[in-house]
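Quick notes on the structure that follows.
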Amino acid sequence: MTRARVLLLTAALGPLDYRVPQGSDAPLGSVVVAPLGPRRMGGVVWEDESFGAPEPVGDNRLRNLFEIVDVPPIPAALRRLVEWTSDYYLSPPGSVLRMVLPGAAFADARRPIVEYRATGELPARMTPQRSVAMDAIGTRQGTVRELAALASVSEAVVRGLVNTGALDAVEVSADAPWPEPDPGFAPPDLSDEQAAAAEQLRAAVAAARFETLLLDGVTGSGKTEVYMEAIAAAVAAGQQALVLLPEIALTEPMLTRFAARFGCEPVPWHSGLRSTERRRAWHAIASGEAKIIVGARSALFLPYANLGIITVDEAHETSFKQEDGVHYHARDVAVMRGHFEGVPVVLASATPALESLAMVEAGRYRHISLPARYGGATLPDLAAIDMRRDPPDRGKWLAPPLVDALADRLGKGEQSLLFLNRRGFAPLTLCRTCGHRIQCPNCTAWMVEHRLVHRLACHHCGHVMPPPRLCPECDDEDSLVACGPGVERVADEVALRFPEARTAIVTSDTLWSPAKAAEFVANVEEGLVDIIIGTQLVTKGYHFPNLTLVGVVDADLGLDGGDLRASERTFQQIAQVAGRAGRGAKPGEVLIQTRVPDAPVMAALVANDRDGFYAAEAASRRRAGAPPYGRFAALIISSEDVEVARGVAQRLGQKAPVADGLAVYGPAPAPLAMLRGRHRFRLLLHAPRSFDLQGTIREWVGSIDWPAKARLAIDVDPYSFV
Numbered sequence: 001m002t003r004a005r006v007l008l009l010t011a012a013l014g015p016l017d018y019r020v021p022q023g024s025d026a027p028l029g030s031v032v033v034a035p036l037g038p039r040r041m042g043g044v045v046w047e048d049e050s051f052g053a054p055e056p057v058g059d060n061r062l063r064n065l066f067e068i069v070d071v072p073p074i075p076a077a078l079r080r081l082v083e084w085t086s087d088y089y090l091s092p093p094g095s096v097l098r099m100v101l102p103g104a105a106f107a108d109a110r111r112p113i114v115e116y117r118a119t120g121e122l123p124a125r126m127t128p129q130r131s132v133a134m135d136a137i138g139t140r141q142g143t144v145r146e147l148a149a150l151a152s153v154s155e156a157v158v159r160g161l162v163n164t165g166a167l168d169a170v171e172v173s174a175d176a177p178w179p180e181p182d183p184g185f186a187p188p189d190l191s192d193e194q195a196a197a198a199e200q201l202r203a204a205v206a207a208a209r210f211e212t213l214l215l216d217g218v219t220g221s222g223k224t225e226v227y228m229e230a231i232a233a234a235v236a237a238g239q240q241a242l243v244l245l246p247e248i249a250l251t252e253p254m255l256t257r258f259a260a261r262f263g264c265e266p267v268p269w270h271s272g273l274r275s276t277e278r279r280r281a282w283h284a285i286a287s288g289e290a291k292i293i294v295g296a297r298s299a300l301f302l303p304y305a306n307l308g309i310i311t312v313d314e315a316h317e318t319s320f321k322q323e324d325g326v327h328y329h330a331r332d333v334a335v336m337r338g339h340f341e342g343v344p345v346v347l348a349s350a351t352p353a354l355e356s357l358a359m360v361e362a363g364r365y366r367h368i369s370l371p372a373r374y375g376g377a378t379l380p381d382l383a384a385i386d387m388r389r390d391p392p393d394r395g396k397w398l399a400p401p402l403v404d405a406l407a408d409r410l411g412k413g414e415q416s417l418l419f420l421n422r423r424g425f426a427p428l429t430l431c432r433t434c435g436h437r438i439q440c441p442n443c444t445a446w447m448v449e450h451r452l453v454h455r456l457a458c459h460h461c462g463h464v465m466p467p468p469r470l471c472p473e474c475d476d477e478d479s480l481v482a483c484g485p486g487v488e489r490v491a492d493e494v495a496l497r498f499p500e501a502r503t504a505i506v507t508s509d510t511l512w513s514p515a516k517a518a519e520f521v522a523n524v525e526e527g528l529v530d531i532i533i534g535t536q537l538v539t540k541g542y543h544f545p546n547l548t549l550v551g552v553v554d555a556d557l558g559l560d561g562g563d564l565r566a567s568e569r570t571f572q573q574i575a576q577v578a579g580r581a582g583r584g585a586k587p588g589e590v591l592i593q594t595r596v597p598d599a600p601v602m603a604a605l606v607a608n609d610r611d612g613f614y615a616a617e618a619a620s621r622r623r624a625g626a627p628p629y630g631r632f633a634a635l636i637i638s639s640e641d642v643e644v645a646r647g648v649a650q651r652l653g654q655k656a657p658v659a660d661g662l663a664v665y666g667p668a669p670a671p672l673a674m675l676r677g678r679h680r681f682r683l684l685l686h687a688p689r690s691f692d693l694q695g696t697i698r699e700w701v702g703s704i705d706w707p708a709k710a711r712l713a714i715d716v717d718p719y720s721f722v
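In the UniProt record's numbering, the protein residues as written are 1 to 722.
Following this line, the structure appears as structure tokens:
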């Protein structure tokens, strides 16, 4: 083979032709380093006929490949997945390929990496930045770049700490072998229902063909133990198993559960790994050495050597939808990867997405049900607290019945959970004198007060600032007030009412790493926490046998904003957090604070009528032609210059396609009209399921000239409408 067509890791270009150096071989799927102008860029040798089969370049114009990287070729099934993802989500194939080939793919796994850790000695001269760095680093270990990013300081600060002896070099090998999981290490004692479900999953693995199975079990029914048996069957057959999780914070507790079942931890994959860990994991996965992989959605695109099963845990979670870069949904892409690999895909959930239930109804997914909790535990009793009839005390957020229930659990030595899906202390700070609201300078969003760290933060772009002493508008002093509750404010109320109670605030601000999540779980399991106050992070997967009370502080919060999935999301969130109560021998109780107890979603929750809720929601969506019975796609045009963004959006609107069944709404300012300093306009397409949405959008977008200052983001099957 003297020439190769290479797909490079760049969104700007399609495949390019190169010459293979004499004496070298670059079969399909080979990972290579190629010249692109003056740069060196990674890529993969691809089929000539893919991506529109561009005309080949003459041999006299070809440039030599720099290197054929010594890693296993990217398998054909994964190349087909890259093509499908690029085509379906209208993303450049090079952008999709970046998820397959992170930097770890090009690093020699045999070469040690130097990392640094604290020695316990502080330098003689401690600058403020050095103090910040040492506090942030603590007992952690990493490269200079990783430690600098962790501490939010420059690399020069970290190197200065190395030179003073405060940080010591440690040589880390990235090619240490992973322990081999034992499928027979500690098989669980399954109930009859669990055993029947596990047998169906094991049979699907043995059949070695593509099938999607919806493992639909109530909270506490033991779904994890069931799908672990299918994983054990795959490992016993010498295959690899992938488990996708919706949150990085769940990774560490899940690793512990897998270690208890298989005798060793699985291979993790998520953004919190150090570079050495990522390099070691990527090469072990590509070689087939790693047998069980537990990771975030990006783990879906890794080059598995011998995949036998894919499991998507908490498959209903909206965090499986990527909102930046390639706007893919990991649940749906997992099904397609299973299709290309010819392996079963398990979607596990207590509150499946309506899309998954529609696929069961259509006969495309197999439904496996676990209707009862494991070990005789019963589902909790749910009741609504009507906030109009039983309001909290003035300036407070917990209604009297919920306060009484918390006091009762404290007296019994049982644990409670308060759920409010809002980080920080208060979502809005305004001036009582002039009414000014403090807004993010980069986004059309209010700054959220985080009193624990004494700052205002934007939850969209990350901008932070100290709370001002004077009103920025009228200069009045002591006139700024916090409006509305966040979890920190609820925690303050709990501390005032129950000063003896030991509390834990659980949000992405406090559980920002798997290690922090593991520490939280250990504290709760050891009885060191009486009341947990948390956001949606506590709705996922946690099992605390002594937790008997769940209080939903503001059940109506998720119903605001006009999102077509608002009722479904609210039902799923509250049902999931309710499922944390009564998972052991003690019965559980759930109290839902709401101002609309008669709303269908609240009535369904209290009546435990999941099937009735889903039937009504499906009928409503079908009448509206909304997903899963219709399709949406969003085109978002952004620019730092508002007139450029508006002009492009208007030109797109003028050339909007006209077709039977297709509706185009806009252009209009996006609900979040400015994000990270860029002005945004949106067009929304609505079409039947059978409509060629992707082809229509390609032709439409290609019909106008794009100025360099404008960007286009296309979101097929959007989950966020901001």
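For each residue, glycine too, the CB sits at the ideal point set by N, CA and C.
Relative to R130, the option among D313, V577, S154 whose CA is nearest is S154.
If you look at W397, you'll find it isn't in any beta strand (DSSP E); DSSP assigns it neither H nor E. 7 Å or more divides the Cβ of P441 from the Cβ of L456.
The DSSP-derived three-state label of F681 is strand. In terms of Cβ geometry, Y227 and V716 do not form a close pair [threshold 7 Å]. Residue state for L549 is assigned as strand, using DSSP reduced to three classes. Annotation: the continuous beta strand (DSSP E) that includes A457 extends over 455–457.
Taking C-alpha positions only, S620 is separated from P688 by approximately 15 Å. Annotated as distal: A198 and E171, with beta-carbon spacing of 7 Å or more.
Going by DSSP, I637 is part of no alpha helix (DSSP H) but of the beta strand (DSSP E) stretching over 630–639. By the Cβ test, the stretch 352–367 is not in contact with the stretch 587–597, since fewer than three Cβ pairs between them sit closer than 8 Å. The beta carbon of A634 is closer than 7 Å to those of R682, L684, D715, P718 in its chain, skipping five residues each way along the sequence. Taking 7 Å as the cut-off, the beta carbon of I113 is found no closer than this to the beta carbon of T251. Within the DSSP secondary-structure output, P183 pairs in no beta bridge.
S369 is bridged by DSSP to D216.
Contact holds between the stretch 693–713 and the stretch 646–660, because three or more Cβ pairs, one in each stretch, are under 8 Å apart. Straight across, the Cα-Cα distance linking A555 with A76 is about 47 Å. Under the rule that a run must span 3 or more residues, the beta strand (DSSP E) segments found entirely inside the stretch 270–320 read 292–295, 307–313.
The stretch 61–117 contains, as complete alpha helix (DSSP H) runs of 4+ residues, the segments 76–88, 93–100 (chain order). In this structure, the alpha-carbon of D386 lies about 15 Å from that of L557. By the CB criterion at 7 Å, P246 and S319 fall inside the cutoff. D313 is classed as buried because its beta carbon has at least 16 other beta carbons within 10 Å across all chains shown. Per the C-alpha coordinates, the member of G23, D609, C461, R279 positioned closest to R678 is C461. Residue range 167–172 is occupied by the beta strand (DSSP E) that includes E171. The Cβ-Cβ distance between V205 and A233 falls below 7 Å. Contact between L147 and I137 holds, since their C-beta atoms are separated by about 6 Å, short of 8 Å.
In this structure, DSSP gives D59 a helical state, which the three-state scheme calls helix.
For Q573, no beta strand (DSSP E) run applies; the uninterrupted alpha helix (DSSP H) run containing it begins and ends at 566–578, by DSSP. Its chain contains P628 as the residues whose beta carbon lies nearer than 6 Å to that of A358, once the 5 sequence neighbours on both sides are disregarded; these appear in chain order.
No Cβ-Cβ contact shorter than 7 Å links D476 with P352. In terms of Cβ geometry, I293 and L242 form a close pair [threshold 7 Å]. P128 counts as exposed, since fewer than 16 other beta carbons sit within 10 angstroms of its beta carbon. Between the stretch 1–12 and the stretch 34–41 there are three or more inter-stretch CB-CB distances shorter than 8 Å, so the stretches are counted as touching. When Cβ pairs closer than 8 Å are counted between the two stretches, the stretch 474–494 is seen not to touch the stretch 369–389, the count staying below three. Shown here, T510 sits in coil according to DSSP, grouped into three states, outside any helix or strand. When the Cα atoms are used, A149 and L13 turn out to be separated by approximately 31 Å.
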